[in-house]
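Chains as they are written, first to last, in the working numbering: chain A, 1 to 352; chain B, 353 to 704.
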DNA sequence: ATAGATTTCGGCAACGTTGCCGACAACGAT
DNA sequence: ATCGTTGTCGGCAACGTTGCCGAAATCTAT
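Put into structure tokens, the structure is as follows:
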């Protein structure tokens with residue numbers, strides 16, 4: 001007895017099958033997709049042979065022919081960010097179920113790299129794009145051009161204002177409002193806001209929530225308490241300057257509401273490095289999905305975004321756009337609720 | 353005066369250029385690559401027109417023709433892991449400089465998904481693969497088959513033992529030795545080890561380092577102090593059971609050396625949840641690149657891996673394999689030094 | 001002036017696949 | 001017997017690009 005080796009060593013094509021079975025390539029092709037035009041017996045033969053030889057259609061040839069790839073491109077600022085990696089997991093969960101692959105790309109908060117990633121994915125004929133804007137992107141022509149060519153794009157998290165398509169965000173306004181209100185209710189009244197580049201949607205919305213909470217509690221808005229980091233925390237020096245300016249402010253804030261993983265962690269580091277206690281000297285609430293929030297010293301109060309669900313929803317939107325016939329679509333902007341988790345970093349100190 | 357619109361709206365191909373300029377596609381093709389066979393004047397004309405129309409060669413057509421894609425595939429267990437995301441950044445830094453794109457894929461510690469990812473990338477004709485094995489992978493036939501078909505593969509971090517190719521790892525043995533030795537020197541003597549699936553290279557090497565340190569200091573090895581989590585921390589219950597078994601051990605360990613982000617953070621959570629103090633009741637050292645390590649409560653002692661450099665090195669290896677003519681290569685296994693950072697979680701308590 | 005060399009370009013095929021059209025046989029209906 | 005129908009299949013073209021071969025025109029050398 002000898003052992004049959006059923007695993008392929010060479011890559012087999014439809015041509016090889018045709019040759020081996022004395023058929024034409026078109027017949028094999030149709031047999032494999034089960035066309036009614038082909039004799040049942042022939043179909044069986046072809047399918048068995050294909051199975052045995054472990055035939056897999058060449059997706060590149062299909063992409064070239066059909067001008068699509070059954071994959072969707074994702075462009076995020078950083079994968080080393082809990083929010084984004086969770087969102088990506090949500091995207092994968094939906095995409096795979098609907099027969100799409102997910103191609104991940106980073107823009108590293110750079111407009112240049114966002115451009116390059118976008119071009120790359122478009123050239124590889126992804127069927128759609130899921131995008132969270134880089135901190136540098138105010139020009140969106142590259143997206144608009146692709147969309148006008150028929151490439152569906154759905155934005156999530158960092159979405160552009162004047163852009164007509166589906167968008168998925170967290171309710172940044174409400175999240176920021178709750179965080180600020182919580183700080184106020186804990187007795188803090190000089191509340192600073194450390195945030196991302198001013199032109200980003202998330203920045204604006206969170207800022208508005210922050211301001212509204214202050215107004216509702218009749219706390220004057222102090223502009224020098226609001227610090228933008230135009231590189232979103234990618235440049236350590238920038239964050240350092242911002243935080244130090246807050247800490248060394250003539251009237252030092254007694255609380256900081258920080259946006260994003262990096263800003264929040266940097267903020268905590270610097271505050272402690274400067275010898276201040278959290279929350280006794282400065283309380284902190286972060287707009288972050290850090291998985292280690294509960295392990296920090298002190299444990300970090302945080303506004304959580306439903307990252308996984310946002311990824312899922314954005315993907316469902318996108319795939320609908322891809323597969324829906326060219327009906328006129330009413331584009332939606334979906335806001336998902338955030339979740340404020342209160343921990344040690346924002347608790348009212350005993351002596352206050 | 354009217355505004356000339358220089359941006360393309362339609363995707364332009366070499367055929368379009370040929371038609372517009374009354375040339376053949378082959379001439380245009382050669383003109384664009386600057387072939388000596390083409391008249392300087394013609395070349396100029398073609399190039400100018402291509403530039404103006406924003407021509408970009410279709411990478412899919414090229415992939416089909418040349419059977420390669422100028423991109424390399426990366427398969428990691430999780431991108432939501434500081435070590436891997438840092439490594440990926442290292443990969444990108446090298447790859448882009450050498451004209452390759454990086455396609456990221458996750459296996460979520462599952463053999464099934466590793467298979468799917470591998471097939472996908474291979475079918476998309478990536479020029480090479482950078483792989484860190486899933487916690488479930490002991491069968492490596494899918495990689496061997498691809499390699500035998502000529503696809504270069506470089507493993508990093510979690511590398512297979514019996515597999516002939518380049519490999520890049522941290523010096524897990526030395527890192528574990530140092531961590532264990534440090535704990536011993538701090539006065540801990542019942543040192544447990546919480547680690548990844550037993551069949552992974554990193555598990556074995558770290559375990560050996562841990563054992564060697566114990567031996568060198570004449571501390572008996574207690575097998576019940578060694579806990580494997582065969583899903584690498586992906587399943588909360590598994591980690592919980594392992595940690596609880598340690599904590600509720602008749603002779604409770606006074607220190608835990610944990611491997612990986614998830615195992616370390618889960619371990620800290622559970623230990624504290626059980627009402628034990630770190631490091632007073634149980635000291636902890638993690639084999640992890642957690643960026644928040646210094647912010648944890650207590651700050652976490654950790655063995656750091658040079659993730660970025662590992663990514664770079666692995667990519668250099670891979671691209672060399674891709675581009676090197678079929679010379680007989682001496683495959684290397686490179687070990688990079690780890691870095692033990694000592695913080696609060698492993699300091700000797702005062703009363704000991 | 002003629003043969004050969006050089007310059008400059010076009011045609012064809014191929015990568016793997018599918019859509020479209022046409023071919024041919026067998027069949028039933030008139 | 002003739003015609004249209006149905007069932008099966010093959011051939012060709014196309015997606016975008018490049019390699020190979022050949023062809024025409026011009027130039028060089030004798």
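Ideal Cβ placement from N, Cα and C applies to all residues, glycine included.
Asked: Sequence-distant residues of its chain with Cβ nearer than 6 angstroms to residue 307(A) (five each side left out); Found: 83, 86, 87 and 289
Asked: Beta strand (DSSP E) runs contained entirely in the region 103-171 of chain A, provided each spans 3 or more residues; Found: 128-131, 153-156 and 167-170
Asked: Members of the region 391-413 of chain B that neighbour chain A once the beta carbon cut-off is set at 8 angstroms; Found: 408, 410, 411, 412 and 413
Asked: Beta-carbon proximity check, residue 526(B) vs residue 609(B), cutoff 9 angstroms; Found: no
Asked: For residue 624(B), three-class secondary structure by DSSP; Found: helix
Asked: Interface flag, residue 671(B) vs chain A, CB-CB below 9 angstroms; Found: no
Asked: Distance CB(residue 291(A))-CB(residue 617(B)) smaller than 9 angstroms; Found: yes
Asked: Nonlocal neighbours in the same chain, by C-beta distance under 7 angstroms from residue 626(B), ignoring five residues either side; Found: 599
Asked: Buried/exposed call for residue 470(B), threshold 16 Cβ in 10 Å; Found: buried
Asked: Validate contact between the region 198-214 of chain A and the region 160-170 of chain A using beta carbons, cut 8 angstroms, 3 pairs; Found: yes
Asked: Within chain B, the residues that residue 298(A) reaches when beta carbons sit closer than 8 angstroms; Found: 649
Asked: Reference residue 100(A), options 318(A), 332(A) and 328(A), closest by Cα; Found: 318(A)
Asked: Backbone secondary structure at residue 96(A) - three-state DSSP; Found: helix
Asked: CB contact flag (residue 408(B), residue 106(A), <9 angstroms); Found: no
Asked: Inter-residue Cα distance where the pair is residue 35(A) and residue 58(A); Found: 19 angstroms
Asked: Chain-order list of residues whose beta-carbon lies under 7 angstroms from that of residue 3(A) (same chain, five-residue window excluded); Found: Confidence at residue 3(A) is low in this model, with a pLDDT of 35, below 50, so its placement is unreliable and no value can be given for it.
Asked: Contact list for the region 267-292 of chain A against chain B, Cβ threshold 9 angstroms; Found: 268, 269, 272, 290, 291 and 292
Asked: Beta strand (DSSP E) runs contained entirely in the region 239-304 of chain A, provided each spans 3 or more residues; Found: 255-259, 283-287 and 301-304
Asked: Where the alpha helix (DSSP H) containing residue 383(B) begins and where it ends; Found: 377-384
Asked: Nearest-angstrom Cβ-Cβ length linking residue 259(A) and residue 287(A), presumed shorter than 8 angstroms; Found: 4 angstroms
Asked: Cutoff 9 angstroms: residue 564(B) Cβ touching any chain A Cβ; Found: no
Asked: Within-9 angstroms CB hit, residue 15(A) to chain B; Found: no
Asked: Residue 19(A) at chain B interface by Cβ criterion, 9 angstroms; Found: no
Asked: Partners in chain B for residue 294(A), counting only beta-carbon separations shorter than 8 angstroms; Found: 621
Asked: contact_flag[the region 412-427 of chain B, the region 646-662 of chain B] where n(CB pairs < 8 angstroms) is 3 or more; Found: no
Asked: Chain B contacts from the region 223-257 of chain A (Cβ-Cβ distance under 8 angstroms); Found: none
Asked: Under 7 angstroms by beta carbon: chain B residues contacting residue 103(A); Found: 455
Asked: Residue 403(B) to residue 364(B) span [Cα, whole Å]; Found: 11 angstroms
Asked: Start-to-end residues for the beta strand (DSSP E) that takes in residue 688(B); Found: 685-688
Asked: Neighbour-count burial assignment, residue 78(A), 16 or more Cβ in a 10 Å radius; Found: buried
Asked: DSSP state of residue 73(A) mapped onto helix, strand, coil; Found: strand
Asked: Span of the beta strand (DSSP E) around residue 578(B); Found: 578-580
Asked: Buried or exposed (CB count within 10 angstroms, at least 16 for buried), residue 393(B); Found: exposed
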